[in-house]
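Enquirer: Please find one structure pasted underneath; my questions will follow.
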Amino acid sequence: MKFSLAWLKQYLETDATTQAIAARLNALGIEVEALEDPAERLAGFRVARVLTAAPHPNADKLQVLTVDAGEGETLQVVCGAPNARAGLIGVLGTAGAIVPSGGFELKKSAIRGVESNGMMCSTRELELGEDHAGIIELPEDAPVGIAFAEYQGTSPVFDVAITPNRPDCMGVYGIARDLAAAGLGTLKPPRIEPVHPTYPCPVEIRSDDPEGCPAFYGRVIRGVRNGPAPEWLQTMLRGAGQRPISALVDLTNFLMLGFGRPAHVYDLAKLSGPMVARRADDGEQILALNEKTYTLSSEMTVIADDNGVHDIAGIMGGEDTGVTESTTDVLLEIAYFDPERIGATGRALGLASDARTRFERGVDPAFLEPGLELLSALILEICGGEASQIVRAGSPPMETATVSYDPRLAARLGGVDIAEGEQREILDRLGFAVAADWRVTAPTWRPDIDGAADIVEEVVRVHGLDKVASVALPRDEGVARPTATAEQRIERRLRRAAAARGHHEAVTWSFLPVPDADHFADGNGGLWVLENPISEDMKTMRPSLLPGLLAAARRNLDRGASGVRLFEIGRRYLRGEAGRSDERSSLAVLLAGEREPRGWDQRGNGGKARAFDAFDAKAEAVALLAEAGAPIQKLQVAGEAGPQFHPGQSGTLRLGPKTVLARFGALHPRTLAAFDVGGPAVAAELFLDAIPAKKTGESFARAPYAPPALQAVERDFAFLVPAELPADELLRAVRSADKASIVDARVFDEFRGAGVPEGYKSLAIEVTLQPGEKSYTDDELKQISERIVAAATKLGASLRA
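Position one of the sequence shown corresponds to residue 13 (our numbering), numbered consecutively onward.
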């Protein structure tokens, strides 16, 4: 939320500097995100008088002006504005000034052969309005030569972040109240006096939806003139980031931004019959002020008359009843809407507005009638007219929290000892009522107060969070005990191992767009969709870490990276049985682009770059599973990596038929297309929650290396096996033939061709045997070989001659 220092000082009597105010706001928990001085943007722009205006010799629509900028010497300026004339006082941008609207620097230059020493400016060029038909015309008494920022009276602008629990600070007055409570000045409450009505309200006002709209107040004002708002009001709204529209609209925005109280004004001539707060009918539509049409449901509260819906209650008005320059009679609406209903409606429609932000956080229910009286008085003062009596339909909920408070909680919960007298004073300045027995009643503008801890927060933040002493947590004597859990220790090992293997760690959002999450949602029991997401692109909890890595890889590849190696350790979120949340630990690796740059070598790459393949992904999965303590010697390779992977270039690593520890392989072209990743990419995803836990007392540390006393023996076997038999099955069968002697087995060749029957392949396996106390005899080696051949035969393999 933005507001100017001048606006703040309307409600706060203070001599504090801008920097001091910003520091105190931060200390109060109202974070100042930016502090802008508009005078800096207008540096180089001065009030100047046009002395002469002559036609340009080489252009029909340009004039050559002689301008007095108050510096003694006149300047020649080329200008194309139709209202440029001798005697006009306007704003001159001198050489070196930066034009706010375009961001370009003014320079002395020749325009159609005539030298120009600057530019006479329009309101649009200085971002003071939308008028670009001519240059700015200032009053005759404007002092020539003065800096335009000084003449205009620009004021520094604060840009603050208001947390959702502080709806009272969604208006400048609420911020002034906090600063006054903190001792930075004196609060100046607005003087609100009832407007004298001259006739009964001619419009019936009622609420047929007391749950969604408990209170609906309104009145008619006749004979208004809806022209531009006064300059002081336009200046305040611009400082708040608002575009001035018209006096009536600007006054409702002034009330909302100044006091956190949204209101709406209707053109009375466009209404028919009573104005009613009711539930919408399913399928009803409204063309809103943002020029978009919304289809409503019966769960939404609206304001309507006999012609239909004119307002999405508490969020946005309708285009068809908006006020214009020709409006003469208006109906003012100030209402209290249920915050939950407003939030649900806004989310369902995907519609955000300043009014919705305030209503769904909670507006002050006691400020309905004062707000209506204040708005009425401002309209009568600026736009003229006569006001009717107020119609009050319903009443707002005025209940506030009353908390039994113990002043000692400030020290116990807040960490700072504050005298009881000071605590009473702080709460009193914040608007709380404190009884003698320390029963504290919250004001109506503080719906966030719920318990004693909230009172402690109020007292401590005003007293000063910087006064909370830094105190070390108690600890036992001696060497500190490790606090990391087994899961945390595994994640640390994996993080170091992945980085050591040349991968860069990524930290991506846990939220995904729905299409991205849907792409990886197979077999996970459904997605977790947020009811109140940060944005539509962060609506679903991720079922896999790979979508985030794919988005990161796309950004890097789009910016010229030849290859990326990314990994992430985090949680994936699944729907368990009966809709229970299932949060599981995972590690994902993504390899995309070039594995090796193009170059000459003896492997026959022909000077081309080498891309990653499925075997690279498998190698990463196996290496990282080993680092996590998985029994990799027992792993089985199987298919069914999922539809996101290429069916012929992917697989899973399992312990038995059901326990999947990882999946790996080349990503399917459809997956790459869905995430707009050009070129091949491979991935591995480790399911850390599926890795068997270490037994009690078992360590990750490797056993001390003791080299065997006798040399290992190697034997080669070539088997004819069915072409569809995975090599992994043959290796496991060979290893299990004699577990006491066989320490390793690996495939070193596969052959299909001459001498190999159709439908078969030849697999050559190297088997490593390790003798124990004595060397093998020929007979023992023969027996081991026979057991190996017998084990392979059970799989349909035969020893090649």
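Glycine included, every Cβ here is placed at the ideal spot set by N, Cα and C.
Tell me which same chain residues have a C-beta within less than 8 Å of the C-beta of Ser574, skipping the five on either side of it?
Expert: Correct list, in chain order: Gly605, Glu606, Pro609, Ala621.
Enquirer: CA-CA distance, Glu83 and Ala122?
Expert: Approximately 22 Å between the Cα atoms of the pair.
Enquirer: For the candidate residues His658, Phe266, Val672, whose alpha-carbon lies nearest to that of Val634?
Expert: Of His658, Phe266, Val672, the residue nearest in Cα terms is Val672.
Enquirer: Asp143 by DSSP, collapsed to three states: which one?
Expert: Three-state DSSP puts Asp143 in coil, outside helix and strand.
Enquirer: Straight-line CA distance for Val814 to Gly272?
Expert: Absent from the structure is residue 814, since the part of the chain shown begins at 13 and ends at 813.
Enquirer: Could you tell me how far apart the beta carbons of Leu647 and Arg675 are, in whole angstroms, since I believe they sit closer than 8 Å?
Expert: That belief does not hold up - the Cβ atoms of Leu647 and Arg675 are roughly 12 Å apart, past 8 Å.
Enquirer: Output needed for Arg218: all residues of its chain with C-beta closer than 6 Å, excluding positions within five of it in sequence on either side, in chain order.
Expert: The residues are Val288, Ala405.
Enquirer: Could you tell me which uninterrupted alpha helix (DSSP H) segments, each at least 4 residues in length, are contained entirely in the segment 594-676, listed from first to last along the chain?
Expert: Complete alpha helix (DSSP H) runs here, min 4: 626-639.
Enquirer: Verify whether the separation of the beta carbon atoms of Leu884 and Leu637 is less than 8 Å.
Expert: With the chain running from 13 to 813 in the structure shown, residue 884 is simply not present.
Enquirer: Below 8 Å between beta carbons: does that hold for Phe371 and Pro274?
Expert: It is a contact, given that the beta carbons lie within the stated cut-off.
Enquirer: Looking only at C-alpha atoms, which of Arg571, Val446, Met553, Gly330 sits nearest to Arg587?
Expert: Comparing Cα-Cα distances from Arg587 to each of Arg571, Val446, Met553, Gly330, the minimum goes to Met553.
Enquirer: How many angstroms separate the CA atom of His658 from the CA atom of Ala325?
Expert: The alpha-carbon atoms of His658 and Ala325 are separated by roughly 51 Å.
Enquirer: Can you tell me which of Glu142, Gly660, Ser547, Ser522 puts its alpha carbon nearest to the alpha carbon of Ser597?
Expert: The candidate whose alpha carbon is nearest that of Ser597 is Ser522.
Enquirer: Starting from Gly130 and walking both ways along the beta strand (DSSP E), at which residues does that stretch end?
Expert: Element bounds for Gly130: 130-132.
Enquirer: Check whether the Cβ atoms of Leu732 and Ala809 sit closer than 8 Å, and answer yes or no.
Expert: In contact: Leu732 and Ala809 (Cβ atoms closer than 8 Å).
Enquirer: Could you check whether the segment 229-237 touches the segment 340-357, counting it as contact only if at least three pairs of C-beta atoms, one from each stretch, sit closer than 8 Å?
Expert: Contact between the segment 229-237 and the segment 340-357 is present, because at least three Cβ pairs lie under 8 Å.
Enquirer: Whose C-alpha, out of Gly186, Asn568, Gly285, is nearest the C-alpha of Cys213?
Expert: Comparing Cα positions, the closest option is Gly285.
Enquirer: Identify, in the order they occur along the chain, each residue of the same chain with its Cβ nearer than 8 Å to the Cβ of Thr198, setting aside the five sequence neighbours on each side.
Expert: Excluding residues within five positions, the ones whose Cβ falls inside 8 Å are Leu24, Glu25, Thr26, Ala192.
Enquirer: When you compare the CB positions of Gly105 and Gly141, do they come within less than 8 Å of one another, or not?
Expert: Result no, Cβ atoms of Gly105 and Gly141 do not sit closer than 8 Å.
Enquirer: Given that a residue counts as buried once 16 or more other Cβ atoms are within 10 Å of its Cβ, and exposed if not, what is His680?
Expert: Buried, since its Cβ has 16 or more Cβ neighbours within 10 Å.
Enquirer: Can you name, in chain order, every residue of its own chain whose Cβ lies under 6 Å from the Cβ of Ala445, other than the five neighbours on each side?
Expert: So the qualifying residues of the chain are Thr453.
Enquirer: Around the Cβ of Trp540, are there at least 16 other Cβ atoms within 10 angstroms (buried) or fewer (exposed)?
Expert: Buried, because 16 or more other Cβ atoms sit within 10 Å of the Cβ of Trp540.
Enquirer: Just how far apart, CA to CA, sit Gln254 and Glu243?
Expert: Their backbone Cα atoms lie some 14 Å apart in a straight line.
Enquirer: Under three-state DSSP, which class holds Gln254?
Expert: The answer is coil: DSSP assigns Gln254 none of H, G, I, E or B.
Enquirer: Among all the DSSP beta bridges, which residues are the ones paired with Val779?
Expert: In the DSSP output, where bridge partners are listed per residue, Val779 has Arg727, Ala757.
Enquirer: Short of 7 Å in beta carbon distance, which residues of its chain neighbour Cys395, apart from the five on each side in sequence? Order them along the chain.
Expert: Excluding residues within five positions, the ones whose Cβ falls inside 7 Å are Val236, Arg237, Asn238, Ala259, Leu260.
Enquirer: Report buried or exposed for Ala766, applying the criterion of at least 16 other Cβ atoms within 10 angstroms of its Cβ.
Expert: Burial call: exposed.
Enquirer: Could you pull out every unbroken beta strand (DSSP E) segment of at least 3 residues lying fully inside the segment 89-132, listed in chain order?
Expert: Whole beta strand (DSSP E) segments, 3+ residues: 101-106, 121-123, 126-128, 130-132.
Enquirer: Indicate the three-state DSSP secondary structure (helix, strand or coil) for Pro176 in the structure shown.
Expert: Coil.
Enquirer: Going straight from the alpha carbon of Lys10 to that of Asp49, what length do you get?
Expert: Because the chain spans 13 through 813 in this model, residue 10 falls outside it and cannot be assessed.
Enquirer: By DSSP's criteria, Thr339 is part of a beta bridge. Which residues make up the other side?
Expert: Per DSSP, none; premise fails for Thr339.
Enquirer: I'd like the span of the alpha helix (DSSP H) that includes Ser797, first residue to last.
Expert: It spans 790-805 - the alpha helix (DSSP H) in which Ser797 sits, taken as one unbroken run.
Enquirer: Give the list of continuous alpha helix (DSSP H) stretches no shorter than 4 residues that lie fully inside the segment 390-433.
Expert: The qualifying runs are 421-426.
Enquirer: Which residue from Gly130, Tyr306, Ala600, Ser16 puts its Cα closest to that of Ala107?
Expert: Per the Cα distances, Gly130.
Enquirer: Count the other CB atoms within 10 Å of the CB of Ser482; is the residue buried (16 or more) or exposed (fewer)?
Expert: Ser482 is exposed by the Cβ-count criterion.
Enquirer: Starting from Val207, trace the beta strand (DSSP E) in both directions and tell me its first and last residue.
Expert: Counting along the chain, Val207 falls outside any beta strand (DSSP E), and DSSP gives it neither H nor E.
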